[in-house]
Amino acid sequence: MHDFRRIVFCRIPGFMAALVLSLLLLGLISGNGEAAETIRIGVLAKRGAEHCLKKWGPTAEYLTRKIPGYSFTIVPLGFNEVYPAVEKEEVDFILANPSYYVGLELRYGASRMVTLKNLRMGRPYTVFGGVIFRRADRDDIKDPADLEGKIFASPSKMS
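Here it is in structure tokens:
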């Protein structure tokens, strides 16, 4: 895994900024014909790979343009592909639901860097939730504990 977070996402004090700028001008950091290092951003592709690339591809292109020496690529991941991709170090960053973050932190020591705000009806939200419906005639199911031993559907165990 790349230690890219320290390079890009921390604030650089004045002296360090001058040093980095000097090294860039001298060609000692990236550029000048050298191949860019690829940074792979794994994205939970809830609506499929094509939709994921259409939605997040421009972000990777923007980062590639703005951060010299690095090329960013989006890696669409299905619900069952997130953990294996992290375990095999096939991605450098992950954009996924909060439930994945908890598991990734416990299993692999992942740390959260940013929280995405989704716009819904003109308002930003940073929370994620789900709903379990039951048929009206199933009075035996009143809370999640009543689901034990029952069969029900979900897109994934992480949903």
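150 is the number that the working numbering gives to position 144 of the sequence shown; each next residue is one higher, with no gaps. Note that the Cβ used here is the ideal one computed from N, Cα and C, for glycine as well.
Alpha-carbon spacing of residue i relative to residue j, whole angstroms
i	j	result
Val133	Ser117	18 Å
Phe78	Leu59	12 Å
His57	Ile80	12 Å
Ile138	Ala51	22 Å
Asp146	Pro161	24 Å
Lys123	Arg129	9 Å
Ala6	Glu95	The first residue shown for the chain is 7 and the last is 165, placing residue 6 beyond what the model contains.
Pro90	Met127	35 Å
Arg144	Gly135	23 Å
Lys61	Val49	10 Å
Lys72	Val120	19 Å
Phe158	Ala151	13 Å
Buried or exposed (CB count within 10 angstroms, at least 16 for buried), residue i
i	result
Ala102	buried
Phe99	buried
Gly155	exposed
Ile45	buried
Gly115	exposed
Leu112	exposed
Leu153	exposed
Val97	buried
Leu125	exposed
Pro82	buried
Start and end residues, alpha helix (DSSP H) containing residue i
i	result
Val88	Val88 to Glu93
Pro104	Pro104 to Tyr114
Gly63	Ala55 to Lys72
Span of the beta strand (DSSP E), counted from its first residue to its last, around residue i
i	result
Arg46	Glu43 to Leu50
Thr132	Taken as a continuous stretch (DSSP letters only), Thr132 belongs to no beta strand (DSSP E), as it is neither H nor E.
Ile100	Phe99 to Leu101
Leu83	Tyr76 to Leu83
contact_flag[the region 103-123, the region 61-70] where n(CB pairs < 8 Å) is 3 or more: no
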